[in-house]
């Protein structure tokens, strides 16, 4: 799934991307770049990023 689609579907996880330095809103690559690719470009572990995104999503569903 590309970053733009993830942010559109789950806007509550945008802060995780921003905290990690992945400023995808308005970035032309967000419509073609997967979470894994975005993580790699920014020197992040894709698995850890996905875990943090899922954690934030679960937390937002509890509130």
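Residue numbers (our numbering): 196 to 258. C-beta atoms are modelled at their ideal positions from N, C-alpha and C, and glycine is treated no differently.
Candidates the options, of which the one nearest residue i by Cα
{"i": "residue 242", "options": "202, 211 and 231", "result": "231"}
{"i": "residue 238", "options": "212, 204 and 249", "result": "212"}
{"i": "residue 216", "options": "254, 235 and 251", "result": "235"}
{"i": "residue 255", "options": "198, 196, 206 and 197", "result": "206"}
{"i": "residue 200", "options": "227, 214 and 218", "result": "227"}
Outcome for residue i when other beta-carbon atoms lying within 10 angstroms are tallied against a minimum of 16
{"i": "residue 244", "result": "buried"}
{"i": "residue 225", "result": "buried"}
{"i": "residue 221", "result": "exposed"}
{"i": "residue 246", "result": "exposed"}
Boundaries (first-last residue) of the alpha helix (DSSP H) holding residue i
{"i": "residue 210", "result": "209–214"}
{"i": "residue 198", "result": "198–204"}
Whole runs of the alpha helix (DSSP H) within the segment 219–251, excluding any shorter than 4 residues: 230–236
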